[in-house]
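Residue numbers (this note's numbering): 44 to 191. For each residue, glycine too, the CB sits at the ideal point set by N, CA and C. Predicted, not measured: the structure shown is a model, and the values here were computed from it. Report on the structure given below.
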Amino acid sequence: MIDPIDSLPRWERRQVLELERQRRKSGKWPDWRIINLRQQQTRRWSRSFARAHVNDVFAVLDRTLESGVRHLMITSASCTRPTFYEMQRIKNEIAGEDAVAVEVYPKQSDIFDGADAYHLWVLPDGLGFSIGDPVRLEKHGAASVATR
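Here is the structure:
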């Protein structure tokens, strides 16, 4: 695995990590910058990402699959896992507040862990059932989901 800040001088690495820590703690993130990625001449899976969103706290690679599912791959300089609230904010700011996204925990044989990255899968049609309020769940025929 490649450390994105490994090539920086030690003092600069410390500065980058401290700035990330402060911004995550305060919730004051800079605006997202969008970087359009050129399609590289490679067969690696990463060439399918068309754009990146970067804000000096997180970097998010963004691609849309043929199925319409949008894949957001999230990293940070510290490689620290984003909290639920940070993931929710990333989803809201990049895919929209009305978008529904999930994290997937695949079967063991399907795990590919080549980077300290976290993934959101934005579903084009939502989940097909509601989460939270049992009355809403029952209305949509998914009451058993809430009680599992």
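Across the structure, residue 56 and residue 73 are spaced so that their CA atoms are roughly 19 Å apart. Close CB contacts of residue 116 within its chain, under the 6 Å cut and outside five residues either way in sequence, are with 104, 160, 162 (chain order). Contact between residue 94 and residue 78 holds, since their C-beta atoms are separated by about 6 Å, short of 8 Å.
Just measuring C-alpha positions, the residue of 138, 173, 154 sitting nearest residue 112 is 138.
Nearest to residue 62 by C-alpha distance, out of 174, 120, 96, is 120.
Scanning 172, 51, 174, 134 for the CA closest to the CA of residue 102 turns up 134. Assignment of residue 54 by DSSP, reduced to helix, strand and coil, places it in the helix class. Counting along the chain, residue 135 sits inside no beta strand (DSSP E); it lies in the alpha helix (DSSP H) bounded by residues 127–138. A distance of 9 Å or more separates the beta carbons of residue 108 and residue 142.
For residue 145, the number of other beta carbons within 10 angstroms of its own is below 16, and it is reported as exposed. Take residue 76, set aside five residues on each side of it, and the residues of its chain with a beta-carbon closer than 6 Å to its own are 97, in chain order. Sequence-distant Cβ neighbours of residue 66 in its own chain, meaning closer than 6 Å and more than five residues away, are 72, 100.
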